[in-house]
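Letter 150 of the sequence shown, counting from 1, is numbered 150 in this note's numbering, and no numbers are missing. Ideal placement from N, C-alpha and C gives every residue a C-beta, glycine not left out. Let me begin by presenting the structure, written as structure tokens, before commenting on it.
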Amino acid sequence: MPQNLITSTYQTHLCNSPTQLTLTWSKALFSHTLTLFPSDNSFSTTISLYPSTFSFFRTRAGSKSIHLTHHHYQKIKLHWDFTRAEFAGNSAEPDSSFYVAITFSSRLEFFLGDLRDELTRRVGVTGPRCYSAESTLLSRREHVFGRTTYVTRAQFMRSKHEIEIDCGGGVLKVKVNGVTSLVVKRLAWKFRGNERIMISGVEVEFYWDVFNWVNKSSGNSKSGGAMVFLCSKSGMVVAFGRK
Numbered sequence: 001m002p003q004n005l006i007t008s009t010y011q012t013h014l015c016n017s018p019t020q021l022t023l024t025w026s027k028a029l030f031s032h033t034l035t036l037f038p039s040d041n042s043f044s045t046t047i048s049l050y051p052s053t054f055s056f057f058r059t060r061a062g063s064k065s066i067h068l069t070h071h072h073y074q075k076i077k078l079h080w081d082f083t084r085a086e087f088a089g090n091s092a093e094p095d096s097s098f099y100v101a102i103t104f105s106s107r108l109e110f111f112l113g114d115l116r117d118e119l120t121r122r123v124g125v126t127g128p129r130c131y132s133a134e135s136t137l138l139s140r141r142e143h144v145f146g147r148t149t150y151v152t153r154a155q156f157m158r159s160k161h162e163i164e165i166d167c168g169g170g171v172l173k174v175k176v177n178g179v180t181s182l183v184v185k186r187l188a189w190k191f192r193g194n195e196r197i198m199i200s201g202v203e204v205e206f207y208w209d210v211f212n213w214v215n216k217s218s219g220n221s222k223s224g225g226a227m228v229f230l231c232s233k234s235g236m237v238v239a240f241g242r243k
């Protein structure tokens, strides 16, 4: 069972056609992987961030060719580098010093990370052809196992914000960049609901559903879980699930 699971969906392009690309980062005791697949199911591939189960060194920078089944078997190329990746806490997704990219006919169609210049140098593509339209994050979902407090980073309006969620003692607390933005008391009665909060001047809707978690805490259920998520006016959703 993974300790941390993060699934993000982006609006991007493959073979010059618009598509939604899903990236799933999974971290368990003996594995750490990234799986990519588009909405048309034309391919699915998994990268291990470590070359072997007990390795202390991350996988070297690499690339692989992928033929798309729904695009007349046209070839795209996947590139990655996690050798110096830095992570926030126990997160499965890198926070900095990494890249994941997809190119088609020497054109960059998808890019995630902060080492674009290094990718450009390795791939050998220069000039405007290397810089396509930016991908748009549509949704981000996190599943966390065995914790009452979780800290993550979410992006709104092109800037990252630290979000801390504490669910314990019958109280749900949400902090954004260290400042308490929401406190929900008496969760036994308010196990579902929504409130509006402000993040850097942006109005965000905060939803929560902790019914199973409350029942497990009171001994009324064998399965316990909590789900909270943020939804901005742009339509981007950031969800957090806890088991």
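* Asked: beta strand (DSSP E) containing E164: first to last residue?
  -> S159 to G168
* Asked: How is the beta strand (DSSP E) around D81 delimited, first residue to last?
  -> K75 to D81
* Would you call the segment 106-120 and the segment 65-73 touching, i.e. three or more CB-CB distances under 8 Å? -> no
* Asked: Between the Cα of H13 and the Cα atoms of T103, R141 and L119, which residue gives the shortest distance?
  -> T103
* Note the first and the last residue of the continuous alpha helix (DSSP H) segment covering L119. => R116 to V123
* Asked: Is F211 helix, strand or coil when you go by DSSP?
  -> helix
* Span of the beta strand (DSSP E) holding W25? -> S17 to K27
* Asked: What's the gap between the Cα of T7 and the Cα of N215?
  -> 27 Å
* Minimum C-alpha distance to E162 - residue among D40, E203, N177 and G170 -> N177
* How would you write the range of the beta strand (DSSP E) that K64 sits in, first residue to last? -> G62 to H67
* To do: Compare the C-alpha of H79 against each of T148, R122, C15 and D95 and name the closest.
  => R122
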